[in-house]
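Working notes for the structure below.
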Amino acid sequence: MYQAKYILYFGGFKLSETIVVQWLIMIFLILLSLYLTRDLKEVPTTKRQVLVEMAVDGLRNLVTDTMGKKFVENAPWIIAYIGSIFMFFATSNLIGLLGLRSPTTDLDTTVAWAGITVFMIYFMGVKFQGGKYFKSLLEPTPIMAPLNIIGEIARPISLSFRPFGNILGGAIIMSLLYKLLGFVSTLIPNVKIPFGQLLIPVPLHMYFDLFAGTLQAFIFIMLTMVFVGSTAEE
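According to my numbering, the sequence shown is numbered sequentially starting from 401.
What follows is the structure, encoded as structure tokens:
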């Protein structure tokens, strides 16, 4: 039901629906960023700038409290990365409200995001601790090394499958619901429920797309901050 669909062809190249939707999301976020950051003043004079500064300050405080002041001082770019991945992740989950397939329902997408997080874990671990970072695989005793290695392998798997499973599950449930409503309408074509097309699907869309989508994006960035931020601990 949710296999990749190729919708654009350029010679021998094929672009799947996931890639096309991701590019649409990136274009939207770039245009939104340009709009929100234009004509900024040292002293805010518009509600738009006030809201943007409040959001940035809140994000900076969240990242600093979660990852530690030491990490943020040595890698201030992490604030922009966490904000970007949250916006991209949340928008990808919410795109289903527009009738488009969420990129998060494609395992390749979540594996790529998890891969970035895992790369950052080891890169920053070596940056902060050098070769000593890998000694943690031998703690508390060398005999625990196999279990520690399994834990390291499980980390990207968990990061990948948690959002993929939750968003895909919601998309499948909504697809089955619409099929059921279509089937019921053929059985009782003359019976119409006032606003029935809104009363039934909308609350479920609010949960699966809006609430669950935003929640999964928040969980992903929190796990990323916890895993990556722990590398600064001696």
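Glycine included, every Cβ here is placed at the ideal spot set by N, Cα and C.
Member of the options whose CA lies at the smallest distance from the CA of residue i
i	options	result
leucine 615	Arg562, Val450, Gly515, Thr418	Arg562
asparagine 575	Arg460, Met544, Thr505	Checking the sequence shown, residue 575 turns out to be serine, not asparagine. Considering only alpha carbons, the answer is Thr505.
alanine 514	Phe620, Ser630, Leu581, Glu633	Phe620
isoleucine 425	Met524, Phe489, Gly468, Ser558	Phe489
leucine 577	Lys532, Trp477, Pro603, Ile549	Pro603
phenylalanine 564	Met622, Val443, Ala554, Ser502	Ser502
leucine 429	Asp439, Ile521, Phe486	Phe486
leucine 434	Val443, Arg448, Glu442, Trp423	Arg448
asparagine 493	Val456, Phe611, Thr631, Leu459	Phe611
leucine 500	Arg438, Phe528, Trp423	Trp423
leucine 432	Glu442, Ser484, Met606	Ser484
methionine 606	Glu552, Ile427, Lys469, Leu497	Leu497
phenylalanine 519	Glu552, Leu547, Pro540	Glu552
Exposure label - residue i; buried when at least 16 CB within 10 Å
i	result
proline 594	Bear in mind that the predicted position of proline 594 carries a pLDDT of just 48, short of 50, making it unreliable; the figure below should be weighed with that in mind. Per the 10 Å Cβ criterion, exposed.
glycine 596	For glycine 596, the predicted structure reports a pLDDT of 49, less than 50, and the residue's modelled location is therefore unreliable. A value from the coordinates is still provided. Burial call: exposed.
asparagine 566	buried
asparagine 461	exposed
methionine 454	exposed
alanine 617	buried
glycine 582	exposed
proline 556	buried
alanine 554	exposed
methionine 401	With a pLDDT of only 43 at methionine 401, under the threshold of 50, the placement of this residue in the model should not be trusted; the figure read from the coordinates follows. Under this definition methionine 401 is an exposed residue.
isoleucine 635	No answer is possible for residue 635: it lies beyond the span of the chain, which begins at 401 and ends at 634.
isoleucine 521	buried
threonine 445	exposed
phenylalanine 645	The first residue shown for the chain is 401 and the last is 634, placing residue 645 beyond what the model contains.
threonine 631	buried
phenylalanine 627	buried
leucine 415	exposed
threonine 491	buried
Residue range of the alpha helix (DSSP H) that includes residue i
i	result
isoleucine 419	417–437
glycine 531	Unbroken run through glycine 531: none, as it is neither H nor E.
methionine 615	Before going further, note that residue 615 is leucine rather than methionine in the sequence given. 612–629 is the extent of the alpha helix (DSSP H) around leucine 615.
isoleucine 479	477–494
alanine 632	Counting along the chain, alanine 632 falls outside any alpha helix (DSSP H), and DSSP gives it neither H nor E.
methionine 467	447–467
Nearest-angstrom Cβ-Cβ length linking residue i and residue j, presumed shorter than 8 Å
i	j	result
glycine 569	aspartate 609	So it is not a contact: roughly 12 Å between Cβ atoms.
serine 560	valine 511	5 Å
alanine 475	methionine 524	7 Å
methionine 625	valine 463	6 Å
valine 472	isoleucine 479	7 Å
glycine 613	methionine 467	Glycine 613 to methionine 467, Cβ: 24 Å. No contact.
valine 421	isoleucine 495	6 Å
threonine 509	threonine 418	6 Å
leucine 436	valine 452	5 Å
Within-9 Å CB hit, residue i to chain B
i	result
proline 603	Looking for chain B here will not work: only one protein chain is present.
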